[in-house]
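One structure is given here, and the rest of the page talks about it.
In UniProt numbering, the protein residues as written are 1 to 112.
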């Protein structure tokens, strides 16, 4: 019989601040993986991540729930969407992303 589990992001399985202006905190529970991502004002994927991964645009498929702040994404096709606290978003591979405004953007990412 499976046990009931409880986790908090304040006690993550792993953290990473290797990318400037970005903190990732990973938690696994119930066989699923979740990441709390915090990006500071001025963060932009094409500026802070592209030099590391060396792809023209982000090739990760994101499923996110915004906790606070605002974040925008622009698909390679030109479509652009802004996300705010309380909103779910699906951002398919082939995009750029950035913070909007002067406060950090924080979201939960469902790793799938």
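Using N, Cα and C, we set each Cβ at its ideal position, and we do this for glycine too.
Per DSSP, the unbroken beta strand (DSSP E) holding residue 29 starts and ends at 22–29. Across the set 61, 112 and 4, the C-alpha of 61 shows the shortest separation from the C-alpha of residue 97.
By the Cβ rule, the region 86–101 counts as touching the region 36–49, because three or more pairs are nearer than 8 angstroms.
Per the Cβ contact rule, the region 45–55 is not in contact with the region 24–35 (fewer than 3 Cβ pairs under 8 angstroms). In the structure shown, residue 60 falls within a coil segment according to DSSP collapsed to helix, strand and coil. For residue 45, the three-state secondary structure derived from DSSP is helix. Going by beta carbons, residue 39 and residue 63 fall outside the 9 angstroms limit.
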